[in-house]
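S.K.: The sequence shown maps to residues 1 to 297 in full-length UniProt numbering. Can you keep this structure in mind? I'll have questions shortly.
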Amino acid sequence: MIDVSCGSCGKKYRLDPAIIKSENARFTCKDCGSVNNLDQYIPKPSSLSPPEKQKEPTREMLQVTWLNSLQVKVNSVVVSLIIVIMSTFTVITYMTEEQKVELDLKTTSVNVAKRLSVYLVEAFWSLDDEILSESLKSEMIDRDIYAINLVDRSGKKIYLGYRRNAQWQLVPNDSQVAGELLISANETIMKDGKQIGSVEVFFTQEFVREQFVQSMYQILITSLLLLIAVALAVSVVLNRMILRPIARLTDAANRISVGNLDLEIPIESKDEIGVLAEAFARMKVSMAFAIKQLRKR
Numbered sequence: 001m002i003d004v005s006c007g008s009c010g011k012k013y014r015l016d017p018a019i020i021k022s023e024n025a026r027f028t029c030k031d032c033g034s035v036n037n038l039d040q041y042i043p044k045p046s047s048l049s050p051p052e053k054q055k056e057p058t059r060e061m062l063q064v065t066w067l068n069s070l071q072v073k074v075n076s077v078v079v080s081l082i083i084v085i086m087s088t089f090t091v092i093t094y095m096t097e098e099q100k101v102e103l104d105l106k107t108t109s110v111n112v113a114k115r116l117s118v119y120l121v122e123a124f125w126s127l128d129d130e131i132l133s134e135s136l137k138s139e140m141i142d143r144d145i146y147a148i149n150l151v152d153r154s155g156k157k158i159y160l161g162y163r164r165n166a167q168w169q170l171v172p173n174d175s176q177v178a179g180e181l182l183i184s185a186n187e188t189i190m191k192d193g194k195q196i197g198s199v200e201v202f203f204t205q206e207f208v209r210e211q212f213v214q215s216m217y218q219i220l221i222t223s224l225l226l227l228i229a230v231a232l233a234v235s236v237v238l239n240r241m242i243l244r245p246i247a248r249l250t251d252a253a254n255r256i257s258v259g260n261l262d263l264e265i266p267i268e269s270k271d272e273i274g275v276l277a278e279a280f281a282r283m284k285v286s287m288a289f290a291i292k293q294l295r296k297r
């Protein structure tokens with residue numbers, strides 16, 4: 001309905017626009033009888049045109065790059081934790097084993113010195129150089145022994161001794177022995193309660209350290225292989241139990257967002273991902289029902 005008024009007396013009327021057949025339509029006022037044009041009340045054709053249809057707002061789908069993927073993030077965290085744990089374990093093992101190796105050498109050097117101090121009493125008392133020499137050479141079959149000296153009762157003069165040369169061969173020695181990687185032990189030689197001399201034993205840590213370093217390399221290689229195995233296992237489990245279900249739900253959500261409400265959303269587990277899948281399924285049903293109701297109107 002539109003409101004019109006008489007141009008002469010001002011009487012107002014309500015007319016149905018459907019009865020207006022042309023642009024030159026007129027009406028007669030019942031009070032004053034004057035004839036009035038209706039062209040000013042007829043809507044212009046432009047105003048009768050349907051409003052321009054607005055474009056449906058759209059948003060580009062977010063593309064997940066490889067570096068931003070959940071798998072890379074979780075794997076990075078897991079690998080970092082494993083590296084920290086294994087590094088800590090390796091450092092602790094290295095320090096512990098190094099102390100153990102040094103303690104073992106010290107214990108061995110003390111035992112050798114004690115054994116010689118007892119075994120060589122009579123030979124040293126009688127100055128039997130042949131027995132003393134053969135005894136020292138026999139002990140130095142162990143390549144970890146760098147030198148053995150028999151010192152007189154003053155503790156300053158070396159009576160008889162052997163050491164290793166650059167080729168690790170036995171050579172006579174009459175001087176003091178010193179070195180960074182040497183562990184020494186000293187025991188007195190007693191005869192009838194009196195000191196008649198002493199024996200000095202020097203062990204080198206060189207060969208033991210080489211074996212120790214090789215063992216540490218083996219531990220590092222084993223740790224690296226274990227790290228790779230754990231990373232692969234985590235990747236497989238993560239991909240199967242989490243990433244694939246999430247990828248399927250993401251694909252379903254993208255299809256629903258463009259109006260595809262006929263797809264089925266499988267609920268494959270009873271964990272949080274299964275609950276999320278069930279929520280998507282309910283949302284799809286609710287959206288389909290809402291669209292159906294709107295179409296009925």
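Ideal Cβ placement from N, Cα and C applies to all residues, glycine included.
Helix, strand or coil: how does DSSP classify N186 here?
M.R.: Your numbering for residue 186 matches position 186 in the sequence shown. Reduced to three states, the DSSP call for N186 is strand.
S.K.: Which residue comes first and which comes last in the alpha helix (DSSP H) that contains T93?
M.R.: The residue given as residue 93 occupies position 93 in the sequence shown. Here the alpha helix (DSSP H) through T93 covers L70 to Y119.
S.K.: Have a look at E180, Q195, V151 and W168 and flag the residue whose alpha-carbon is nearest the alpha-carbon of D174.
M.R.: Taking the sequence shown and counting its residues from 1, one reaches residue 174 at position 174. Ranking E180, Q195, V151 and W168 by Cα distance to D174 puts V151 first.
S.K.: From the DSSP output, which residues share a beta bridge with G197?
M.R.: Sequence index remark: in the sequence shown, residue 197 carries index 197 (1-based). D152 and I189, per the DSSP bridge assignment.
S.K.: Please classify E187 as buried or exposed, where buried requires at least 16 other C-beta atoms within 10 Å of its C-beta.
M.R.: The residue given as residue 187 occupies position 187 in the sequence shown. Under this definition E187 is a buried residue.
S.K.: Going by C-alpha distance, which of I267, K157, A247 and A281 is nearest residue 316?
M.R.: No answer is possible for residue 316: it lies beyond the span of the chain, which begins at 1 and ends at 297.
S.K.: Quick test of the definition: if touching needs 3 or more C-beta pairs under 8 Å, does the stretch 71 to 87 touch the stretch 162 to 173?
M.R.: As far as the Cβ criterion goes, the stretch 71 to 87 does not touch the stretch 162 to 173, which means the pair count is below three.
S.K.: Taking the DSSP output, what are the residues bridged to G161?
M.R.: As a position in the sequence shown, residue 161 is number 161, starting the count at 1. DSSP, once it has assigned bridges, lists N149 as partnering G161.
S.K.: Grab me the residues of K114's own chain with a C-beta within less than 6 Å of its C-beta, minus the 5 sequence neighbours each way, in chain order.
M.R.: Counted from its first residue, the sequence shown places residue 114 at position 114. Result list for K114: E187, in chain order.
S.K.: In its own chain, which residues sit with a C-beta less than 6 Å from the C-beta of Y13, not counting the 5 before and 5 after it?
M.R.: In the sequence shown, residue 13 corresponds to position 13, counting from 1. Same-chain partners within the cutoff: V4.
S.K.: Go ahead and pull the three-state DSSP assignment for S46.
M.R.: Within the sequence shown, numbered from 1, the residue matching residue 46 stands at position 46. Only weak support exists for where S46 lies, its pLDDT of 49 falling under 50; the coordinates are left without a value.
S.K.: For the putative contact between I273 and I242, defined by C-beta atoms under 8 Å, what is the C-beta separation to the nearest angstrom?
M.R.: Taking the first residue of the sequence shown as position 1, residue 273 is located at position 273. Taking the first residue of the sequence shown as position 1, residue 242 is located at position 242. About 7 Å separates the two Cβ atoms, so the contact holds.
S.K.: Using 8 Å for Cβ pairs, my map puts V177 next to F202. What's the rounded Cβ distance?
M.R.: In the sequence shown, residue 177 corresponds to position 177, counting from 1. In the sequence shown, residue 202 corresponds to position 202, counting from 1. Yes, they are in contact, since the Cβ atoms of V177 and F202 sit about 5 Å apart, within 8 Å.
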